[in-house]
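Heads up, the numbering used here is the position in the sequence shown plus 22, with the first residue counted as 1.
The beta carbon of each residue, even a glycine, is placed where N, CA and C say it ideally should be.
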Amino acid sequence: ILGLKAGGYWPKNLETHGIINHQSTVFLFDPDTGQVKAMVGGNLLTALRTAAASSVSIRHLARPDARVIGMVGAGHQATFQLRAALEQRAFEKVIGWNLHPEMLPNLASVAEEAGLPFEAVELDGLKEADVIVSITSSFDAIFGPEHVSPGTHVACMGTDTKGKQEVKPALLTGATVFTDEVAQSISIGEAQHAVGQGLIAETDMHQLGAVINGTHPGRTSDEEITLFDGTGVGLQDLAVAASVVDLAIEKNVAIEVDF
């Protein structure tokens, strides 16, 4: 696969233009000629692959008996995150917090689809959660170890550039930290702050892939806090886009243009 993803964040989009703040497009190229093979809208793909990444971390790191899932963030991507997460364990309840509480009905509607109760909580209420998924664009830490109970799995999915931050660095010092790409995690992911303050080192971080392929044990006790720092890997975008193109061609819905 040869391609690139172009995208960015426009914070006024939703209130000014009625479109989501994250905008992206994926371009795929013919690896033999370099010509453009396809152009795919990246907004939906980004939401799907980001949700897939966190749900894989839940599958491999959350306790088998996890029953309460907590969501931090209630924007566009949060609904995708919640739907994917609910497939990984027999959850019985959804709790949620958002800086703007008026957006919490987004999560409540997904919980209702799944036949589960939803409760809006303050940050202290996150202690009830067995799994916490954070998906925000915050540049200030939202929650920390005082909000997380022993045995919880935390998936931090919103921090993907320098300066962004969803959790206090101290949360990483008390957790076993996994990531999709260590180099990205320490430079643009949630770990950038803990590493920058000398609280953890690069060697303290583990690839989620090592758990999947059996070279790392993953969770080793019911009391252990596990944390997945999901920064997003470009190959995920390209792989999903390539699959979408193949499906569009198969269903005869792709639009052919002359570049």
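How is Gln45 classed by DSSP in three states: helix, strand or coil? The residue given as residue 45 occupies position 23 in the sequence shown. Strand, per DSSP.
Residues in its own chain within less than 6 angstroms of Ala133 by CB, not counting five upstream and five downstream? Locating residue 133 in the sequence shown gives position 111, counting from the first residue. Closer than 6 angstroms at the Cβ level, and outside the excluded window around Ala133, lie Val116 and Phe140.
At what residue ranges does the segment 182-210 contain a whole run of the alpha helix (DSSP H), taking only runs of 4 or more? 191-195 and 204-210
Buried or exposed, going by whether 16 or more other CB atoms sit within 10 Å of the CB of Ala223? Counting from 1 along the sequence shown, the entry for residue 223 is found at position 201. So Ala223 counts as exposed.
Going by beta carbon distance, what residues of the same chain come within less than 6 angstroms of Asp52, once the five residues before and after it are set aside? Position 30 of the sequence shown, counted from the start, is the residue given in the question as residue 52. Only Lys59 meet the Cβ criterion.
Name the two residues that bound the continuous beta strand (DSSP E) containing Thr248. Start at 1 with the first residue of the sequence shown, and residue 248 comes out as number 226. Taken as a continuous stretch (DSSP letters only), the beta strand (DSSP E) holding Thr248 covers Thr248 to Asp251.
Got a sec, what are the start and stop residues for the alpha helix (DSSP H) Gly15 sits in? Residue 15 falls outside the range modelled here, since the chain spans only 23 to 281, and no answer is possible.
Given 8 angstroms, three or more beta-carbon pairs between the segment 248-262 and the segment 164-182: yes
If the criterion is Cβ atoms closer than 8 angstroms, does the pair Ile42 and Val94 meet it? The sequence position of residue 42 within the sequence shown is 20, counting from 1. The sequence position of residue 94 within the sequence shown is 72, counting from 1. Cβ atoms of Ile42 and Val94: not closer than 8 angstroms.
Give every residue of the same chain whose Cβ lies closer than 7 angstroms to the Cβ of Gly240, excluding the five residues on either side of it in the sequence, and list them in chain order. By one-based count along the sequence shown, residue 240 stands at place 218. The answer, listed in chain order, is His82, Leu83 and Val233.
Among residues of its own chain, excluding the 5 on either side of Lys184, which ones have a beta-carbon nearer than 8 angstroms to its beta-carbon? The residue given as residue 184 occupies position 162 in the sequence shown. Once the five neighbours on either side are set aside, the close Cβ partners of Lys184 are Ser209, Ile210 and Gln214.
Bounding residues of the alpha helix (DSSP H) (the contiguous stretch that carries Glu134): For the purposes of this step, residue 134 is taken as the residue at position 112 of the sequence shown. Residues Pro127 to Glu135.
Contact between the segment 67-83 and the segment 158-167: three or more CB pairs below 8 angstroms? no
Counting pairs of Cβ atoms below 8 angstroms between the segment 118-129 and the segment 59-74, do you hit three or more? no
Hey, how far is the Cα of Ile247 from the Cα of Ala163? Taking the sequence shown and counting its residues from 1, one reaches residue 247 at position 225. Taking the sequence shown and counting its residues from 1, one reaches residue 163 at position 141. Using only the alpha carbons, I get a separation of about 18 angstroms.
List the DSSP bridge partners of Lys27. To locate residue 27, count along the sequence shown from 1; it is residue 5. DSSP output for Lys27 lists Val48 as bridge partner(s).
Sequence-distant residues of its chain with Cβ nearer than 6 angstroms to Thr68 (five each side left out): Here the question's residue 68 lines up with position 46 in the sequence shown. Excluding sequence neighbours, Thr68 sits near Ser46.
Which same chain residues, not among the five before or five after Val267, have their C-beta less than 6 angstroms away from its C-beta? In the sequence shown, the residue the question calls residue 267 occupies position 245. Result list for Val267: Ala60, in chain order.
Shortest alpha-carbon distance to Ala142 belongs to which of Ser207, Val90, Gly220 and Asp280? Residue numbering aside, residue 142 sits at position 120 when the sequence shown is read from its first letter. Taking only the C-alpha atoms, the option nearest Ala142 is Val90.
Could you compute how far the alpha carbon of Gly166 sits from the alpha carbon of Val279? Taking the sequence shown and counting its residues from 1, the one referred to as residue 166 is at position 144. Taking the sequence shown and counting its residues from 1, the one referred to as residue 279 is at position 257. C-alpha separation (whole angstroms): 50 angstroms.
Helix, strand or coil for Ser77? Go by DSSP, reduced to three states. If you number the sequence shown from 1, residue 77 lands on position 55. Helix.
With the cut-off set at 8 angstroms, would you say Arg85 and Gly147 are in Cβ contact? As a working mapping, residue 85 is identified with position 63 in the sequence shown. As a working mapping, residue 147 is identified with position 125 in the sequence shown. No, Cβ-Cβ distance for Arg85 and Gly147 is not below 8 angstroms.
What residue range is occupied by the uninterrupted beta strand (DSSP E) comprising Ala177? As a working mapping, residue 177 is identified with position 155 in the sequence shown. First-last of the beta strand (DSSP E) with Ala177: His175 to Cys178.
Taking the alpha carbon of Gly29 as the reference point, which residue from Leu66, Gly56, Asp244 and Glu135 has its own alpha carbon closest? Here the question's residue 29 lines up with position 7 in the sequence shown. If we check each option's Cα against that of Gly29, Leu66 comes out closest.
Is Ala276 closer than 8 angstroms to Ala270 when the C-beta atoms are compared? Taking the first residue of the sequence shown as 1, we reach residue 270 at position 248. Taking the first residue of the sequence shown as 1, we reach residue 276 at position 254. Contact: yes.
8 angstroms contact criterion, which Asn128 and Ala96 should meet: CB distance rounded: Working through the sequence shown from its first residue, we reach residue 128 at position 106. Working through the sequence shown from its first residue, we reach residue 96 at position 74. With 8 angstroms as the limit, Asn128 and Ala96 qualify as a contact, their Cβ atoms being about 5 angstroms apart.
Report the option in Leu26, Gln187, Val170 and His238 whose CA atom is closest to the CA atom of Gly56. Position 34 of the sequence shown, counting from 1, holds the residue named residue 56. It is Leu26.
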